Amino acid sequence: MCFYLSIAESLHDLLTACGAIVVDDPISLISKVARYKLIVYCSDSDAAPTTAELDMFRGLYKHMGLLTVIREWVLDSLGVYKLQPLLAYVLSTDASIQVPF
């Protein structure tokens, strides 16, 4: 798997220890070979993503096929030692999004 961490670098070591490849920006994901490529949205606040952020996530999916998920997906998956279904964690309301698992 390849991941782009939007803000929280604290997950970097955890993800790499689990075998993930973490990149500096979403464009770097294009050149990586991985079964799944995701953007993990990490925010230090409990506030929902802004409209501009949601528009950016939709654009990344539309133009690059990159899904953006909240960091809780990573934590929940690690907590049960199994990848959790993405649907509940995806940050987009676009009906055309296809979730790989």
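Per the working numbering, the sequence shown starts with residue 4, numbered consecutively. Yeah, the Cβ is synthetic: ideal placement off N, Cα and C, and Gly gets one too. Since we're looking at a predicted model, the values are computed, not measured.
Within 10 Å of its beta-carbon, does residue i have 16 or more other beta-carbons around it, so buried, or fewer, so exposed?
i: K65; result: exposed
i: K40; result: buried
Can you tell me which of the three DSSP states residue i falls into?
i: Y39; result: coil
i: D16; result: helix
Along the chain, where does the alpha helix (DSSP H) that runs through residue i open and close?
i: A23; result: Note, A23: premise wrong, no alpha helix (DSSP H); not H, not E.
Mind listing, in chain order, the continuous beta strand (DSSP E) runs of no fewer than 3 residues lying wholly within the stretch 36-102? Counting only unbroken stretches of 3 or more residues, the beta strand (DSSP E) elements lying wholly within the stretch 36-102 are 40-44, 70-73, in sequence order.
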